[in-house]
Structures are given as structure tokens and as C-alpha cells.
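Residue numbers (the working numbering): 2 to 242.
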């Protein structure tokens with residue numbers, strides 16, 4: 002028998018051991034602001050309109066809290082703005098930024114704090130460069146792995162670069178504009194990996210075992226800025242907790 006075997010090819014539709022966490026009909030298991038999020042034609046849609054600012058908003062999957070998992074889904078962003086995928090996240094934490102334009106305070110039921118896999122509409126070079134990176138939402142940690150980086154945090158030390166995946170701008174070529182994108186997150190212990198359309202985008206390794214990034218939490222989706230339309234479908238979760 003040969004000792005070396007090629008892996009099975011990339012397949013976003015391979016779901017052995019997964020469960021589908023959005024039924025395409027209702028928000029059963031999810032907590033959402035109905036003025037922003039809706040189910041339409043089997044899709045989860047978040048939308049904000051021009052001239053009607055809402056600030057950040059999230060839809061939260063309350064069916065599970067998980068730390069170690071694989072998450073597969075398909076997602077697209079249209080019109081502008083952006084958001085991302087929250088995981089190992091919590092709700093109810095006071096928000097570090099005020100609502101814009103004198104709007105009422107944030108409803109903390111729909112506000113998520115924790116790791117995020119970014120996804121932004123490429124209205125400019127800065128926004129285009131966010132997609133795929135590792136970002137800590139609503140904390141002072143901020144961006145801990147830009148697209149194209151493998152970074153690590155060790156106890157008592159600052160975050161450091163340990164390797165490069167590729168050029169940040171070149172990796173943006175894997176992101177489809179106004180079309181469906183495959184997005185996959187793998188989280189195992191301190192290691193968190195973001196993939197888009199089969200391409201590794203960013204890896205963050207948090208070796209601070211008591212870090213907030215290493216705790217079980219919720220999965221969810223963010224919509225930010227306006228106007229923006231985020232659509233999500235085929236959300237599959239495989240837990241290893």
C-alpha cells in the first residue's frame with residue numbers, strides 16, 4: 002500500500018457530521034432584530050437602507066454555545082457596508098462605541114462581543130482588504146491577524162507574526178463581489194482559521210488559555226454601515242466540544 006495519499010478535493014457541500022442550523026423558513030433558534038433581519042426565498046437577509054442609519058447589528062444563533070467547531074456557509078454582501086461572522090462570542094456586553102447620529106442606545110440582546118471573520122463590500126481599498134481577516138469585535142484587541150497572516154499571542158507577550166499565507170491584496174482576488182462566497186471557519190483550541198472559496202485567508206493562535214477568545218460562545222452574523230444587504234444560506238455546524 003502506498004504511504005502517501007492526496008486529500009479529497011475541497012468541497013463546501015461535504016457535510017459529514019454537520020447539522021444545518023438555519024432551516025431557510027424561520028429564525029427558529031436565532032435571535033434577531035426583525036427591523037433588519039428577515040427570511041426570504043430560503044435566505045437569511047440583513048438589510049439597512051440609505052438615510053436610515055442603524056449602527057452595528059447582529060443575528061445570534063442561540064441553539065448552541067461552542068468552542069471547537071467547523072462552520073461552513075455561503076454569504077454575499079451587496080450595496081456597500083459590511084459585517085462578518087461572529088463565533089466564540091457573547092451578548093449583553095456594554096458597547097464600546099456609541100450609536101451614531103443620536104440614535105437610541107444599542108439593544109444588547111443583538112450585540113455580539115468576540116472573534117469575527119470579516120466580510121466587507123469593496124467600496125474602497127481599505128474595506129476590500131478587511132475580508133477574511135481576524136478581528137476582535139467590541140474589545141480593545143482589534144485586528145489580530147490581517148488577511149494573509151498567521152499570528153500568535155503568547156502569555157505575557159504582544160501579538161506576533163509567525164508566517165505569511167500570501168499577499169493581502171492578491172488574496173482579495175478570491176473574494177467574489179455581489180456573488181455567493183463559500184466561507185469556512187475552523188476553530189480548535191487556540192487555533193482559529195478563516196477560509197474563503199477554498200483559500201486560507203488568516204490564522205490566529207491565541208495561547209493565552211484564559212483569553213476571552215478561547216471560551217465557548219455563540220455564532221452569529223453582523224451587519225454594519227448603510228446601505229448594506231447581507232445574504233446567508235447553507236449554514237452548517239460540526240461541533241467538537
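Where a beta carbon is used, it is the ideal one built from N, C-alpha and C, also for glycine. All values reported here derive from a predicted model rather than from experimental measurement.
Cβ-based neighbour list, residue i, same chain, cut-off 7 Å, excluding 5 preceding and 5 following
i, result
"residue 196", "185 and 202"
"residue 66", "217, 218 and 219"
"residue 124", "81"
"residue 187", "71 and 194"
"residue 16", "237"
Neighbourhood of residue i by C-beta, 8 Å cutoff - its chain only, sequence neighbours within 5 removed
i, result
"residue 165", "149, 150 and 151"
"residue 80", "122, 228, 229 and 230"
"residue 182", "75, 76, 77, 120, 176, 197 and 198"
"residue 211", "none"
"residue 130", "147, 148, 169, 170 and 173"
"residue 18", "239"
"residue 167", "149"
"residue 51", "227 and 228"
"residue 69", "188, 189, 190, 240, 241 and 242"
For residue i, three-class secondary structure by DSSP
i, result
"residue 101", "helix"
"residue 165", "strand"
"residue 88", "strand"
"residue 213", "helix"
"residue 219", "strand"
"residue 174", "helix"
"residue 238", "strand"
"residue 109", "helix"
"residue 149", "coil"
"residue 33", "coil"
"residue 159", "coil"
"residue 52", "coil"
"residue 18", "coil"
"residue 199", "coil"
"residue 67", "strand"
"residue 9", "coil"
Cut-off 6 Å between Cβ atoms - residues of its own chain near residue i, not counting five sequence neighbours on either side
i, result
"residue 44", "232 and 234"
"residue 220", "62 and 88"
"residue 192", "206"
"residue 136", "117, 119 and 144"
"residue 31", "60 and 62"
Whole-angstrom C-beta distance between residue j and residue i, which should lie under 8 Å
i, j, result
"residue 12", "residue 239", "About 14 Å; that fails the 8 Å criterion."
"residue 163", "residue 170", "Their Cβ separation, rounded to whole angstroms, is 21 Å, which puts residue 163 and residue 170 out of contact at 8 Å."
"residue 224", "residue 49", "6 Å"
"residue 112", "residue 57", "7 Å"
"residue 139", "residue 94", "6 Å"
In DSSP terms, what residue i is bridged to
i, result
"residue 119", "85"
"residue 114", "91"
"residue 44", "41"
"residue 194", "187 and 204"
"residue 137", "116 and 143"
"residue 58", "224"
"residue 154", "207"
"residue 77", "232"
"residue 182", "76"
Within-8 Å CB hit, residue i to chain B
i, result
"residue 88", "Of the protein chains in this structure there is only one, and it is not chain B."
- Message: Count Cβ pairs between the stretch 97-106 and the stretch 228-239 that sit closer than 8 Å; are there 3 or more?
- Response: No: the two stretches stay apart, fewer than three of their Cβ pairs being nearer than 8 Å.
| query | Contact between the stretch 168-180 and the stretch 94-102: three or more CB pairs below 8 Å? | reply | No, because fewer than three Cβ pairs between the stretch 168-180 and the stretch 94-102 fall closer than 8 Å, the two stretches do not touch.
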